[in-house]
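Chemist:
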Amino acid sequence: MNIKFIVCFLFLINLTVFPQFSQDQLSKSNLTSIGTISVTIGGSFPINGTYPASITERVDAFVSRMYVEAIDVTLQVTSDPDLYRKLKQQLNNFALRGITLKRANGEELEVDLQKFRLTGDFNYNPYLKNDDVIVFPANDLTRNFFSVWGVVNLPGTFLYVEGDDLGDALELVDGLNPAYKDVDSVEISRLSYDGQTETKIMIPIDPNYQVQRGDRFRFVAPESQRRNFAVNVIGELNNPGVIPITKDNTTLFEVIKSAGGFTSDASLNRARVYSSSSLAKLLEFQYDIKLAEQPNLEDPKIRNLLLNLELALMYRMSNVVQEDSNYFNLENQLRVMTEGSSLDFKKIKDPNSDIANYIVQDGDIIIVPTNNKSVYVFGQVLRPGYVTLIEGKDYLYYINQAGGLGELAEDGDIMIIKGGSRAWVSPEDENITIEEGDYIYVPKESLRSTRSYILEYSVYLGVLASLAAILLSVVTIANQ
7 MNIKFIVCFL FLINLTVFPQ FSQDQLSKSN LTSIGTISVT IGGSFPINGT YPASITERVD
67 AFVSRMYVEA IDVTLQVTSD PDLYRKLKQQ LNNFALRGIT LKRANGEELE VDLQKFRLTG
127 DFNYNPYLKN DDVIVFPAND LTRNFFSVWG VVNLPGTFLY VEGDDLGDAL ELVDGLNPAY
187 KDVDSVEISR LSYDGQTETK IMIPIDPNYQ VQRGDRFRFV APESQRRNFA VNVIGELNNP
247 GVIPITKDNT TLFEVIKSAG GFTSDASLNR ARVYSSSSLA KLLEFQYDIK LAEQPNLEDP
307 KIRNLLLNLE LALMYRMSNV VQEDSNYFNL ENQLRVMTEG SSLDFKKIKD PNSDIANYIV
367 QDGDIIIVPT NNKSVYVFGQ VLRPGYVTLI EGKDYLYYIN QAGGLGELAE DGDIMIIKGG
427 SRAWVSPEDE NITIEEGDYI YVPKESLRST RSYILEYSVY LGVLASLAAI LLSVVTIANQ
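In our numbering, the protein residues as written are 7 to 486.
Here is the structure:
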């Protein structure tokens, strides 16, 4: 769907859908008698023409109403989502600044709807009168612009209007962020006409300083580290919930202490520390970047880009073959998401242990499950489920308590899955002790059909036939 079609479509909307006044209807006596006036829209607005307005209507209300009606008409005319998206994009392309309101008596007013919507100052949004003409400028933010960044409340790029000063710029960004101290100067970046040369100057903040087209302002201040750093503690603690912490300076021991310590039912064997965000963990541990300090990284596209970049970097020099790629992806994802989860909580009372001195990060989640004093048996057993832990008992005891092995059990491949590390270990290992929270898994014997055996042996026979043919060729050549 090309732009010419969209323009024609909007033109048809303008001509056929929005009722414009005839000369008789536009007579002042007729209009004012019913509380209605006529207002003309011109310039770079999606629809142009003369339309009815209320005598109590301001510019912003009138413009918003005309925009909504245009959107409604677009929805009625097309059901094609791609066409609707393109049409709406065209309808959205109009300026909120630099608007001229021309009165019938020759008076001209400057209207700034962007300032009005930010400040609520009606001086930027006057009442309409009969025969008013609203003229919109071209909304060219690529050339006629200035931008404001740094320690301001609403950074962004704005349409440049002749006469703009630094006070206007600060008004459009809702002022400086009060969380920052001693912001008394601003950096201005200006490009040459060919865009090849940049000039930077630093000036004191002066509201009367005249803005130039293309100026880029950056209000700079030392980054405030007074943030709402906190972790969430869940489970068997005396006072679980959100625990405030410092930046990069609060240990896990201090968090547990603030949470009132563990209850008597806490399972330290299965307690974990998890990051609230895999991307946050990636940025923090791989690139030393705090996600909370990078608001632009909240964009899902940027998140996915960074995660894909990390995976690509891990693959670039690897010897991972295609068959192992799915397993590698799983391990890499777990690496990113479970940093710190292998800590042994049973040692946390030792002030010199690694876990006691582990530094928690903003957004971390600490989970301390209930000690259910049991072992979970599943797979090919008759009654899978929890079995009460008895110190010193081996895996066969728990399997018998779960009803014993099923007919299809592969008893030679039984595994113990440790509740703490999730490591799979053989029950034949003499150093393994079954503990609270462990799992015992009994796999199923692999059943194969006659067809599967035939297919497998056919492959072997094919290989043997090929080798025999090669050998025969070699012998034949040797005998010649």
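Glycine residues also receive a C-beta, built at the ideal position from the N, C-alpha and C atoms.
1. For D508 and V65, I'd like the C-alpha separation in whole angstroms.
2. Going by DSSP, name the residue or residues bridged to A236.
3. In terms of residues, what are the limits of the alpha helix (DSSP H) holding G173?
4. State yes or no: is the C-beta of A375 within less than 8 Å of the C-beta of F384?
5. Might you give, ordered along the chain, the residues of its own chain that have their beta carbon closer than 7 Å to the beta carbon of D1, omitting 5 neighbours on each side?
6. Closest to R71 by CA distance: which of L89, I47 and L93 is it?
7. Excluding the five sequence neighbours on either side, which residues of its own chain have a C-beta within less than 6 Å of the C-beta of N363, listed in chain order?
8. Let me know the alpha helix (DSSP H) ranges lying completely inside the region 356–401, each 4 residues or longer, listed in chain order.
9. Which two residues bound the contiguous beta strand (DSSP E) that contains K108?
10. Looking only at DSSP bridge pairs, what is G156 linked to?
11. If I measure Cβ to Cβ from G410 and keep anything under 8 Å in the same chain, skipping five residues before and after, which residues do I get?
12. For L285, is the classification buried or exposed, using 16 other Cβ atoms within 10 angstroms of its Cβ as the cut-off for buried?
13. Provide the residue span of the beta strand (DSSP E) that contains L119, from first to last.
14. Since M208 contacts S191 with CB under 8 Å, what's their CB separation in whole angstroms?
15. In angstroms, rounded to a whole number, what distance separates the CA positions of D146 and V248?
16. Report yes or no: do three or more beta-carbon pairs, one from the region 405–423 and one from the region 441–452, lie closer than 8 Å?
17. Provide the residue(s) that pair with T205 in DSSP beta bridges, ordered along the chain.
18. Between which two residues does the alpha helix (DSSP H) holding I262 run?
19. Write down the C-beta distance between I371 and N238 rounded to the nearest angstrom, noting that I regard them as a contact closer than 8 Å.
20. Between the Cα of N54 and the Cα atoms of G266, R276 and F100, which residue gives the shortest distance?
21. Which residue's Cα is closest to the Cα of E177: Q367, V381, R103 and D78?
22. Take the Cβ of A76 as the centre, count every other Cβ of all protein chains shown within 10 Å, and call the residue buried at 16 or more, exposed below.
23. For V45 versus L134, is the C-beta spacing smaller than 8 Å?
24. Determine the direct distance from the alpha carbon of L124 to that of F259, and round the result to whole angstroms.
25. Looking at the structure shown, is A101 part of a helix, part of a strand, or coil, going by DSSP?
26. So the beta strand (DSSP E) Y57 belongs to, where does it begin and stop?
27. Return yes when the Cβ of R196 is within less than 8 Å of the Cβ of D221, no when it is not.
28. Buried or exposed, going by whether 16 or more other CB atoms sit within 10 Å of the CB of I43?
29. Quick one: what does DSSP say Y403 is sitting in, helix, strand or coil?
30. Which of the three DSSP states, helix, strand or coil, is assigned to L165?
Modeler: With the given structure in hand:
1. No statement about residue 508 is possible, as the shown extent of the chain runs from 7 to 486 and does not include it.
2. P250
3. L172 to L178
4. At residue 375 the sequence reads Pro, which differs from the Ala that was named. Cβ atoms of P375 and F384: not closer than 8 Å.
5. Because the chain spans 7 through 486 in this model, residue 1 falls outside it and cannot be assessed.
6. Shortest Cα-Cα distance from R71 to any of L89, I47 and L93 involves I47.
7. If we look at N363 and ignore the five residues flanking it on each side, its Cβ neighbours are T257.
8. You should have found no qualifying run.
9. I105 to K108
10. F225
11. V387 and L388
12. Any reading at L285 must be qualified, since the residue scores a pLDDT of 47, below 50, and its modelled position is unreliable; the value itself is stated next. So L285 ends up on the buried side.
13. Not the beta strand (DSSP E): L119 falls in the alpha helix (DSSP H), residues L119 to T125.
14. 5 Å
15. 47 Å
16. yes
17. Bridge partners of T205 according to DSSP: R196.
18. L258 to S264
19. 5 Å
20. F100
21. Out of Q367, V381, R103 and D78, the CA that lies nearest to the CA of E177 is found in R103.
22. buried
23. yes
24. Straight-line Cα distance between these residues: approximately 47 Å.
25. coil
26. G55 to S60
27. Yes, they are a contact pair.
28. buried
29. helix
30. Three-state DSSP puts L165 in a strand.
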